[in-house]
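FYI, the numbering used here numbers position 114 of the sequence shown as 114, with every residue one higher than the one before it. Here is the structure we will look at.
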Amino acid sequence: MFHKFLIAVAVLFSACALYAQKPVSSAISDIEDDPANGLEMCRSLFNEYFLSELTTHEKVNMLDTKTVQKALSDLDLSRGRNLTEKEIKNLCAKLKTDALCLVKMSRGAKNAIVITVRIVDNKGKEVGKVTASMKGIGDTDATSHSMARDSAVILRKMRGIERPQPLKP
1 MFHKFLIAVA
11 VLFSACALYA
21 QKPVSSAISD
31 IEDDPANGLE
41 MCRSLFNEYF
51 LSELTTHEKV
61 NMLDTKTVQK
71 ALSDLDLSRG
81 RNLTEKEIKN
91 LCAKLKTDAL
101 CLVKMSRGAK
111 NAIVITVRIV
121 DNKGKEVGKV
131 TASMKGIGDT
141 DATSHSMARD
151 SAVILRKMRG
161 IERPQPLKP
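Quick look at the structure:
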């Protein structure tokens, strides 16, 4: 009898903790990236790694790429320019998300690939930015991991969820 009571209490506390966390729902897009910069293969690979890191390791609710691409197509948004606040609001409303992670890539010093993820809320306001560079496509996994960790912190802060930072290796 006492064991059943303890299990019921544990389940109740777990449910309350999950409800209180108010998980952030987000989407990744490279719509603002310049399509002519020659980094389309790297950008595509990074987007999938970044999505995977946010979903599996950082436990952020992310939309799949196909859903995001369909919404971009339905809204007829053009590539290679910054989205306006109104466009961001419309995209977030269509996707039913709290935020967007807008990915841009460029070539930096010594031909390094510079990646910037601009995080905007569903009202179109920028809430944070994460930047990193990598020497080549082989660094995609490590770079996406560190950028996902930093992006998840920003996404959680949007909802008032403070989580202690793990020690960096």
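Virtual Cβ for every residue (Gly too), placed ideally from N, Cα, C.
On the criterion of 16 or more Cβ atoms from any shown chain inside 10 Å, does residue i qualify as buried, or is it exposed?
i: Ile7; result: exposed
i: Ala99; result: buried
i: Thr131; result: exposed
i: Arg156; result: buried
i: Ser144; result: buried
i: Lys22; result: Confidence at Lys22 is low in this model, with a pLDDT of 48, below 50, so its placement is unreliable and the value that follows should be read with caution. Per the 10 Å Cβ criterion, exposed.
i: Ala152; result: buried
i: Asp76; result: exposed
Kindly indicate which three-state DSSP category residue i falls into: helix, strand or coil?
i: Val68; result: helix
i: Ile161; result: coil
i: Glu58; result: coil
i: Ala93; result: helix
i: Gly136; result: coil
i: Ile36; result: The residue asked about is misnamed: residue 36 is Ala in this sequence, not Ile. Ala36 falls in the coil class under three-state DSSP.
i: Ala109; result: helix
i: Thr84; result: coil
i: Arg79; result: coil
i: Ile28; result: strand
i: Leu100; result: strand
i: Arg149; result: helix
Can you grab the Cα-Cα spacing for the pair residue i / residue j, in whole Å?
i: Ser146; j: Cys42; result: 17 Å
i: Thr116; j: Leu95; result: 22 Å
i: Glu48; j: Lys59; result: 15 Å
i: Arg107; j: Ile113; result: 5 Å
i: Thr84; j: Lys110; result: 32 Å
i: Ile137; j: Thr65; result: 20 Å
i: Lys135; j: Glu162; result: 32 Å
i: Asp74; j: Gly160; result: 32 Å
i: Glu40; j: Met105; result: 9 Å
i: Arg149; j: Lys129; result: 12 Å
i: Asn37; j: Ser44; result: 13 Å
i: Glu126; j: Phe46; result: 21 Å
i: Lys216; j: Glu87; result: Residue 216 cannot be examined here, being either before or after the span of the chain that is shown, 1 to 169.
If we call anything under 7 Å between Cβ atoms a contact, is residue i one with residue j?
i: Ser29; j: Val68; result: yes
i: Thr140; j: Ala27; result: no
i: Arg79; j: Ile31; result: yes
i: Leu72; j: Met62; result: no
i: Arg170; j: Leu102; result: Any property of residue 170 remains undetermined from this structure, which presents the chain solely from 1 to 169.
Would you check whether the ligand MN has a heavy atom nearer than 6 Å to the C-beta of residue i?
i: Ala93; result: The ligand content of the structure shown is nil, which means the ligand MN is not present either.
Would you call the region 85-94 and the region 121-132 touching, i.e. three or more CB-CB distances under 8 Å?
Between the region 85-94 and the region 121-132 there are three or more C-beta pairs closer than 8 Å, enough to call the two in contact.
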